[in-house]
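K.L.:
Could you have a look at this structure, given as structure tokens, before my questions?
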Amino acid sequence: MRTRRDKLSGAGAQLATEVSINFGSSLAGLLIPVVGSPIVVAARQIVMVIVVLPLARPKLKNLTWARIWPALALGVVLAVMNLTFYQAVSILGLGIAATIEFLGPFALALITSRRVLDFVCAAAAAGGVFLLTWSDGTLNVLGIVLALTAAASWFFYILLTRRVATEFAGLEGISVASMVSLVIVVPIALFTLDLSAFTWGVVGLLLLVGVVSSAFPYTLDTYILRRISPRLYAIITSFGPVIAAGFGALVLGETFTLLQQIAIVVVCVAAGAAIATQRDRPMYDLELTATAIP
1 MRTRRDKLSG
11 AGAQLATEVS
21 INFGSSLAGL
31 LIPVVGSPIV
41 VAARQIVMVI
51 VVLPLARPKL
61 KNLTWARIWP
71 ALALGVVLAV
81 MNLTFYQAVS
91 ILGLGIAATI
101 EFLGPFALAL
111 ITSRRVLDFV
121 CAAAAAGGVF
131 LLTWSDGTLN
141 VLGIVLALTA
151 AASWFFYILL
161 TRRVATEFAG
171 LEGISVASMV
181 SLVIVVPIAL
191 FTLDLSAFTW
201 GVVGLLLLVG
211 VVSSAFPYTL
221 DTYILRRISP
231 RLYAIITSFG
241 PVIAAGFGAL
251 VLGETFTLLQ
261 QIAIVVVCVA
271 AGAAIATQRD
281 RPMYDLELTA
291 TAIP
């Protein structure tokens, strides 16, 4: 049984992971103009494999296609999600890209809903994103398409994570997916590699991105889920775009108009309200983000 102290420590740890992940994304925003988004994604995936593989070396003997294809697909989705998100960050900025990307798990949470409140929240979130991307009267179509692709990838990432969890013991499935993602990303990274752009400072930042975006939040995940409910996890996650916008301003020097600030808050509040008012039920779709480290 969870005590109040457990809930507070779990919620605090979850907030720390949100800060860590979005801080990592802001550092990635500094690196992308220097080395390119494929290099940043490759560095993050390398760190993730180094952390995951020793903990969950997959047992590939006697694996059937029906068992392994979800893990392979998860690896592909993971690669697409990270590549498109970081490229969207380079075009739109972290705050806007993170807010649009969050539409993926939010849509999954509402896709089977029949409550009027959920439709209102979905409409509010959609309106917030429209205001966010249209505030200056222009649209960056490429950036929006990339961010929406990342959102769709996150949508499928959650579904595939559920399937992988049923087919593999422990972390073996995510271990396979991480290796598949690495195999996809590394050739792209090598194709765009410019050794002249690398300094020890750049290498250090790349490693730091991998640690704070993958290794640190991943290792805290089990601790958190033992202390707070999946729904509380999802509620805290829904405020990720606000944290991302904060780091976008502090680290990347991004500026937001009053309308854009309102739009980001509207998206977060709409998502939080929709999740918080759901009835308790096992493994609510958006709550599965608790086991997904994009």
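Take 1 as the starting number for the sequence shown in the UniProt record's numbering and just add one per residue.
Where is the CB? At the ideal position from N, CA and C, for every residue including glycine.
Using CA atoms only, rank isn't needed, just tell me which of Thr3, Thr257, Gly272 and Ala276 is closest to Leu132.
P.N.:
In the sequence shown, residue 132 corresponds to position 132, counting from 1. The residue with the shortest Cα to Cα distance from Leu132 is Thr257.
K.L.:
Rounding to the nearest angstrom, what Cα-Cα distance links Ser214 and Thr166 in this structure?
P.N.:
Position 214 of the sequence shown holds residue 214. Position 166 of the sequence shown holds residue 166. The alpha-carbon atoms of Ser214 and Thr166 are separated by roughly 22 Å.
K.L.:
Roughly how many whole angstroms lie between the Cα atoms of Leu94 and Gly240?
P.N.:
As a position in the sequence shown, residue 94 is number 94, starting the count at 1. As a position in the sequence shown, residue 240 is number 240, starting the count at 1. Looking at the two C-alpha atoms, the distance is approximately 11 Å.
K.L.:
Go to Asn140, then tell me how far its alpha helix (DSSP H) extends in each direction, as first and last residue.
P.N.:
Working through the sequence shown from its first residue, we reach residue 140 at position 140. Counting along the chain, Asn140 falls outside any alpha helix (DSSP H), and DSSP gives it neither H nor E.
K.L.:
Under three-state DSSP, which class holds Glu254?
P.N.:
Within the sequence shown, the letter at position 254 stands for residue 254. If DSSP states are grouped into helix, strand and coil, Glu254 belongs with coil.
K.L.:
Quick one: any contact between the segment 173–184 and the segment 25–35, if contact means 3 or more CB pairs under 8 Å?
P.N.:
Contact between the segment 173–184 and the segment 25–35 is absent, because fewer than three Cβ pairs lie under 8 Å.
K.L.:
Assess, as a yes-or-no matter, whether the segment 189–196 is touched by the segment 101–118 under the definition of 3 or more beta carbon pairs within less than 8 Å.
P.N.:
Contact fails: fewer than three Cβ-Cβ distances are below 8 Å.
K.L.:
Can you tell me whether Gly29 is buried or exposed? The criterion is at least 16 other CB atoms within 10 Å of its CB, across all chains shown.
P.N.:
One-based indexing of the sequence shown puts residue 29 at position 29. Buried, because 16 or more other Cβ atoms sit within 10 Å of the Cβ of Gly29.
K.L.:
By how many angstroms is the C-alpha of Ala122 removed from the C-alpha of Arg115?
P.N.:
Working through the sequence shown from its first residue, we reach residue 115 at position 115. Working through the sequence shown from its first residue, we reach residue 122 at position 122. About 11 Å.
K.L.:
Which parts of the UniProt domain "EamA" (142–271) are runs of the alpha helix (DSSP H), unbroken and 4 residues or longer, counting only runs that do not cross its ends?
P.N.:
Entirely contained in the UniProt domain "EamA" (142–271), the alpha helix (DSSP H) runs reaching 4 residues are, in chain order, 172–191, 200–210, 216–225, 230–237 and 240–252.
K.L.:
Could you tell me if residue 358 is buried or exposed, where buried requires 16 or more neighbouring beta carbons within 10 angstroms of its beta carbon?
P.N.:
Not covered by the structure: residue 358. The range shown for the chain is 1 to 294.
K.L.:
So the candidates are Val265, Thr277 and Ile275; which of them puts its Cα closest to the Cα of Ile100?
P.N.:
Within the sequence shown, residue 100 is the residue found at index 100, counting from 1. Residue Val265 is the option with its Cα nearest to Ile100.
K.L.:
With three or more beta-carbon pairs closer than 8 Å as the criterion, would you say the segment 150–163 touches the segment 68–83?
P.N.:
Segments in contact, yes.
K.L.:
Please report the distance separating the alpha-carbon of Ile184 from that of Val251.
P.N.:
What you label residue 184 is simply residue 184 of the sequence shown in a count that begins at 1. What you label residue 251 is simply residue 251 of the sequence shown in a count that begins at 1. So the alpha carbons of these two residues sit roughly 29 Å apart.
K.L.:
If the criterion is Cβ atoms closer than 8 Å, does the pair Glu18 and Ile235 meet it?
P.N.:
Position 18 of the sequence shown holds residue 18. Position 235 of the sequence shown holds residue 235. No, they are not a contact pair.
K.L.:
Any idea what DSSP makes of Gly93, helix, strand or coil?
P.N.:
As a first step, residue 93 must be located in the sequence shown, where it is residue number 93. Residue state, collapsed to three classes: coil.
K.L.:
Can you say whether Ser20 is buried or exposed, counting buried as having 16 or more other CB atoms within 10 angstroms of its CB?
P.N.:
Residue 20 sits at position 20 when you count from the first residue of the sequence shown. Its Cβ being crowded by 16 or more others within 10 Å, Ser20 is buried.
K.L.:
With DSSP as the reference, label Ser113 as helix, strand or coil.
P.N.:
Position 113 of the sequence shown, counted from the start, is the residue given in the question as residue 113. DSSP places Ser113 in coil when its eight states are reduced to three.
K.L.:
Taking contact to mean at least 3 C-beta pairs separated by less than 8 Å, is the segment 140–153 in contact with the segment 77–84?
P.N.:
With a cut-off of 8 Å, the segment 77–84 and the segment 140–153 count as touching, because enough Cβ pairs lie within range.
K.L.:
Quick check on the burial criterion: 16 or more other C-beta atoms within 10 angstroms. Buried or exposed for Gly12?
P.N.:
For this step, residue 12 is matched to residue 12 along the sequence shown. The residue is exposed, with fewer than 16 neighbouring Cβ atoms inside 10 Å.
K.L.:
Looking at Ala274 and Asp118, is the spacing between their C-beta atoms short of 8 Å?
P.N.:
Stepping through the sequence shown from its first residue, residue 118 is reached at position 118. Stepping through the sequence shown from its first residue, residue 274 is reached at position 274. Yes.
K.L.:
Residues in the same chain with beta-carbon distance under 8 Å from Thr155, minus the five sequence neighbours each way, listed in chain order, please.
P.N.:
For this step, residue 155 is matched to residue 155 along the sequence shown. Note on identity: in this sequence residue 155 is Phe, with Thr being the wrong assignment. So the list reads Gly104, Pro105, Ala107 and Leu108, once near-sequence residues are dropped.
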